[in-house]
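Trainee: The structure's right below; bear with me while I get my questions together.
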Amino acid sequence: MKKFVNDVNNMLTESLSGFAKAHNDLVSLHLEPNYLTRKNKAKNKVVIVSGGGAGHEPLHAGFIGKGMLDAACPGQVFTSPTPDQMIAAAEAVHADKGVLFIVKNYAGDVMNFEMAAEMLPFENATVLTSDDCAVINSTFTDGRRGVAGTVIVEKCVGSIAETGADLQTCKALGDKINAQTASIGVALTSCTVPAAGKPTFEISETEIEMGIGIHGEPGRKRETMREADAMVNGMIDAIIADLQPKKDTEILLLVNGLGATPLMELYLIYNTAEKLLTEHGLTIARSLVGNYTTAIDMTGASITVCVLDDEIKQHWDSPVNTAGLRWGV
Amino acid sequence: MSLQTDFICSAALTIQSAIISHKPEIETLDQAIGDGDHYINVLRGAEAIANMTDELASLTPDEALNKIAMKLLSTVGGAAGPLFASLFMGMAKVAKHNGANTTLDIAAAFAGGVQELIKRGKGKVGEKTMLDVLVPVAHTFIFSAIENKSTTDICADIKTAADKGLESTRDLIATRGRAAGLGERSKGHLDAGAKSCQVMINEICDLILKSNT
Numbered sequence: 001m002k003k004f005v006n007d008v009n010n011m012l013t014e015s016l017s018g019f020a021k022a023h024n025d026l027v028s029l030h031l032e033p034n035y036l037t038r039k040n041k042a043k044n045k046v047v048i049v050s051g052g053g054a055g056h057e058p059l060h061a062g063f064i065g066k067g068m069l070d071a072a073c074p075g076q077v078f079t080s081p082t083p084d085q086m087i088a089a090a091e092a093v094h095a096d097k098g099v100l101f102i103v104k105n106y107a108g109d110v111m112n113f114e115m116a117a118e119m120l121p122f123e124n125a126t127v128l129t130s131d132d133c134a135v136i137n138s139t140f141t142d143g144r145r146g147v148a149g150t151v152i153v154e155k156c157v158g159s160i161a162e163t164g165a166d167l168q169t170c171k172a173l174g175d176k177i178n179a180q181t182a183s184i185g186v187a188l189t190s191c192t193v194p195a196a197g198k199p200t201f202e203i204s205e206t207e208i209e210m211g212i213g214i215h216g217e218p219g220r221k222r223e224t225m226r227e228a229d230a231m232v233n234g235m236i237d238a239i240i241a242d243l244q245p246k247k248d249t250e251i252l253l254l255v256n257g258l259g260a261t262p263l264m265e266l267y268l269i270y271n272t273a274e275k276l277l278t279e280h281g282l283t284i285a286r287s288l289v290g291n292y293t294t295a296i297d298m299t300g301a302s303i304t305v306c307v308l309d310d311e312i313k314q315h316w317d318s319p320v321n322t323a324g325l326r327w328g329v
Numbered sequence: 330m331s332l333q334t335d336f337i338c339s340a341a342l343t344i345q346s347a348i349i350s351h352k353p354e355i356e357t358l359d360q361a362i363g364d365g366d367h368y369i370n371v372l373r374g375a376e377a378i379a380n381m382t383d384e385l386a387s388l389t390p391d392e393a394l395n396k397i398a399m400k401l402l403s404t405v406g407g408a409a410g411p412l413f414a415s416l417f418m419g420m421a422k423v424a425k426h427n428g429a430n431t432t433l434d435i436a437a438a439f440a441g442g443v444q445e446l447i448k449r450g451k452g453k454v455g456e457k458t459m460l461d462v463l464v465p466v467a468h469t470f471i472f473s474a475i476e477n478k479s480t481t482d483i484c485a486d487i488k489t490a491a492d493k494g495l496e497s498t499r500d501l502i503a504t505r506g507r508a509a510g511l512g513e514r515s516k517g518h519l520d521a522g523a524k525s526c527q528v529m530i531n532e533i534c535d536l537i538l539k540s541n542t
């Protein structure tokens, strides 16, 4: 393992401290329990609190700021944060209209946020994101995983909360976006959890993992490495099969890097994805390309398609001022 | 058998060293079909509990179990945090209500803990999780206690149940937890959560047997 590490046990704290210093106009860091809050406390609005294991940066702390999150709770690498963090964060930012938790659908995250929600002394609700169409939903599984589509949910729910919308309205928008968003990822290499010190899974030079999860958990199947267009084609097919969008539908296309794939390749993927989706009769009305939901140092990418309507477009376009997303300000 | 706080404290230290000595097995299993963090999380919890034995020493057994639950909840994270915390919360609840003065009391407390864990994780036996070890162990513990078996026999029964439960996860297809996305590919591997439970249960049985002789 070759990484920038001093002591693997202090890595998270050192990284959070650096983040807070670099963005001290936007966020404040609180340690033990660990959480970050928006610099200027919001008044009289639903507060949006998210969180999850570290290693997916800029998710979630990178999305704290006006127009998006009020607080985020980072867990250890790839490990859900704990209820004491969520309660402390919610209490710090609570602005009298309730708390909306945005939680990616993983057993650990769900249970920890559930316990926090039960212990929290004020009104709260939760949006569970589950946009990963690599894992087929069935009564026998915990369901689809929440991946890069979470960014779209956090952006738009953060926006509607700024308008003074009530808790149920904010939750309804989050649930709607989640229902009409699908993502799928592909890994060319494994990630390495610093504390483990070695790659999470083995994969040869000639293999790819189609449907990879953002923790390196395997996906649909191990396939042979092919040219980019063939891989993107498989991903787009999976998304189309899942969303089954009508012709002429407007969509948001997000090409997300998993940590170690350069932007040059992400734009190459976007180029092919745009062509294929257009051939399916879809109109790409909004787009985003970059590293937004990463898996530490994995080489790979995910494609997310969100079916738009006027409400979602309005909240996607509204001003946002965070370390990870910034426009209109 | 009765449950004393000093036994809980020695068990905490034993579990910590047992987890460390089984690091390669637990880690390899989790990397095969999970995401590779189970060992780190369980160790973080085990260390936190081992480091608070001074604090626990003056408490009653049920208070100590509850304190452990709260500590696990704030240190472990992941799925294991709330699940192990629920196990100890459930044990504390039953121990507080019934006491922990007989073997049957302890078995009932353990069963109460497993029940609380099931409620939190909404899982069941056969999904390739820690429940494939914990549920048969709880059954065996209760039945052996009802039959008034000797401590030695009860511990032997429990260890067998834990081993069998662990082995049963090998051919199961995971339908819960991180390995669920793998489907058929999860077959052929033991479940890491079941493994760490089996390790802890075995060590506690050995500790009981040692203090019994």
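If you read the protein sequences in the order shown, they are chains A and B. Residue 1 is where the first sequence starts when you use my numbering, and the numbers rise one by one after that. Residue 330 is where the second sequence starts when you use my numbering, and the numbers rise one by one after that. Each residue gets a CB set at the ideal place from its N, CA and C atoms; glycine is no exception. Being a predicted model, the structure only gives us computed values, none of them experimental.
Any chance the region 197 to 211 of chain A sits against the region 276 to 285 of chain A, with 3 or more Cβ pairs inside 8 Å?
Mentor: Verdict: no, contact absent.
Trainee: I want to see whether chain A comes within less than 8 Å of leucine 394 of chain B, judged by CB atoms only; does it?
Mentor: No, no contact with chain A.
Trainee: Quick one: measure Cβ to Cβ for alanine 421 of chain B and aspartate 391 of chain B, integer angstroms, because I've assumed they're closer than 8 Å.
Mentor: Right, their Cβ atoms sit about 5 Å apart.
Trainee: Does DSSP put valine 371 of chain B in a helix, a strand or coil?
Mentor: In the structure shown, valine 371 of chain B sits in a helix (DSSP, three-state: H, G or I).
Trainee: For threonine 37 of chain A versus isoleucine 102 of chain A, is the C-beta spacing smaller than 8 Å?
Mentor: Not a contact, by the Cβ cut-off of 8 Å.
Trainee: For the alpha helix (DSSP H) that contains phenylalanine 101 of chain A, what are its first and last residues?
Mentor: From DSSP, phenylalanine 101 of chain A is part of no alpha helix (DSSP H) but of the beta strand (DSSP E) over 96 to 104.
Trainee: I need the boundaries of the alpha helix (DSSP H) containing glutamine 168 of chain A, first residue and last residue.
Mentor: 167 to 179 is the span of the alpha helix (DSSP H), which, as asked, contains glutamine 168 of chain A.
Trainee: Below 8 Å, how does it come out for the region 165 to 182 of chain A and the region 296 to 307 of chain A: are there three or more Cβ pairs, yes or no?
Mentor: They touch, by the three-pair rule.
Trainee: For methionine 235 of chain A, decide whether its Cβ has a neighbour in chain B, counting only Cβ atoms nearer than 8 Å.
Mentor: Methionine 235 of chain A does not count as touching chain B.
Trainee: Compute the Euclidean distance between the alpha carbons of methionine 418 of chain B and leucine 288 of chain A, then round it to the nearest angstrom.
Mentor: Near 45 Å, if we compare the C-alpha coordinates of leucine 288 of chain A and methionine 418 of chain B.
Trainee: Quick one: which chain A residues come within Cβ less than 9 Å of glutamate 356 of chain B?
Mentor: Near glutamate 356 of chain B (Cβ distances below 9 Å), the residues of chain A are Ala196.
Trainee: Return the first residue and the last residue of the alpha helix (DSSP H) that alanine 301 of chain A is part of.
Mentor: Taken as a continuous stretch (DSSP letters only), alanine 301 of chain A belongs to no alpha helix (DSSP H), being part of the beta strand (DSSP E) at 300 to 307.
Trainee: Which same chain residues end up closer than 6 Å to serine 15 of chain A when comparing Cβ atoms and leaving out the 5 residues on each side of it in sequence?
Mentor: Counting only Cβ-Cβ distances below 6 Å, and skipping sequence neighbours, we find nothing.
Trainee: Between which two residues does the beta strand (DSSP E) holding serine 50 of chain A run?
Mentor: 45 to 54 is the span of the beta strand (DSSP E), which, as asked, contains serine 50 of chain A.
Trainee: Got a sec: which bits of the region 293 to 308 of chain A sit with their beta carbon under 8 Å from any beta carbon on chain B, in order along the chain?
Mentor: Those residues of the region 293 to 308 of chain A that come within reach of chain B (Cβ to Cβ, closer than 8 Å) do not exist; the list is empty.
Trainee: Under 9 Å Cβ-Cβ, which residues of chain B neighbour asparagine 112 of chain A?
Mentor: Near asparagine 112 of chain A (Cβ distances below 9 Å), the residues of chain B are Leu402, Gly406, Gly407, Ala408, Gly410 and Pro411.
Trainee: Round the Cβ separation of alanine 386 of chain B and cysteine 338 of chain B to the nearest angstrom and send it over; I've been treating them as touching at under 8 Å.
Mentor: 6 Å between Cβ atoms; contact.
Trainee: Report the neighbours of glycine 75 of chain A on chain B: residues whose CB is nearer than 7 Å to its CB, in chain order.
Mentor: Gly406, listed in chain order.
Trainee: Roughly how many angstroms lie between the CA atoms of threonine 192 of chain A and leucine 100 of chain A, to the nearest whole one?
Mentor: Using only the alpha carbons, I get a separation of about 32 Å.
Trainee: Report yes if the CB atom of alanine 54 of chain A is closer than 8 Å to the CB atom of glycine 75 of chain A, and no otherwise.
Mentor: Contact flag set, yes.
Trainee: Answer with buried or exposed for serine 540 of chain B, where buried requires no fewer than 16 other C-beta atoms within 10 angstroms of its C-beta.
Mentor: Looking at its Cβ environment, which holds fewer than 16 other Cβ atoms inside 10 Å, serine 540 of chain B is exposed.
Trainee: So within the region 189 to 219 of chain A, which uninterrupted beta strand (DSSP E) runs reach at least 3 residues, ignoring any that extend past its ends?
Mentor: Those beta strand (DSSP E) runs which fall completely within the region 189 to 219 of chain A and span 3+ residues are 207 to 210.
Trainee: In whole angstroms, give me the CA-to-CA distance for alanine 414 of chain B and phenylalanine 113 of chain A.
Mentor: C-alpha separation (whole angstroms): 14 Å.
Trainee: Determine whether the beta carbon atoms of lysine 104 of chain A and glycine 52 of chain A lie at a separation below 8 Å.
Mentor: Against a cut-off of 8 Å, the Cβ pair of glycine 52 of chain A and lysine 104 of chain A comes out as a contact.
Trainee: Quick one, are the C-beta atoms of glycine 363 of chain B and alanine 474 of chain B less than 8 Å apart?
Mentor: No, the Cβ-Cβ distance between glycine 363 of chain B and alanine 474 of chain B is not below 8 Å.
Trainee: Taking all protein chains shown into account, decide if glycine 517 of chain B is buried (16 or more other Cβ within 10 angstroms of its Cβ) or exposed.
Mentor: That one is exposed.
Trainee: Do asparagine 291 of chain A and glycine 257 of chain A count as a contact pair if the criterion is CB distance below 8 Å?
Mentor: Yes, Cβ-Cβ distance for glycine 257 of chain A and asparagine 291 of chain A is below 8 Å.
Trainee: Contact check, tyrosine 35 of chain A vs alanine 88 of chain A under 8 Å by CB: the rounded distance?
Mentor: With a Cβ gap of about 6 Å, tyrosine 35 of chain A and alanine 88 of chain A count as contacting.
Trainee: Entirely within the region 109 to 167 of chain A and at least 4 residues each: give me those alpha helix (DSSP H) ranges in chain order.
Mentor: List check, alpha helix (DSSP H) in window: 149 to 162.
Trainee: Residues of chain B with a CB under 7 Å from the CB of proline 83 of chain A: which are they?
Mentor: Per Cβ cutoff of 7 Å: Leu402.
Trainee: Got a sec: is the Cβ-Cβ distance from alanine 107 of chain A to anything in chain B below 8 Å?
Mentor: Yes, its Cβ sits closer than 8 Å to a Cβ of chain B.
Trainee: For asparagine 430 of chain B, list the residues DSSP reports as bridge partners.
Mentor: Beta-bridge pairing links asparagine 430 of chain B to no other residue.
Trainee: What are the complete beta strand (DSSP E) segments, minimum 3 residues, inside the region 3 to 51 of chain A?
Mentor: For the region 3 to 51 of chain A, whole beta strand (DSSP E) runs of length 3 or above, ordered along the chain, are 27 to 30 and 35 to 38.
Trainee: What residue does the beta strand (DSSP E) around proline 74 of chain A start on, and which one ends it?
Mentor: That run of the beta strand (DSSP E) goes 71 to 77.
Trainee: What are the residues that DSSP puts in a beta bridge with threonine 322 of chain A?
Mentor: Partner(s): A:Gly65.
Trainee: Contact check, threonine 189 of chain A vs threonine 283 of chain A under 8 Å by CB: the rounded distance?
Mentor: At roughly 34 Å, the Cβ-Cβ gap does not stay under 8 Å, so threonine 189 of chain A and threonine 283 of chain A are not in contact.
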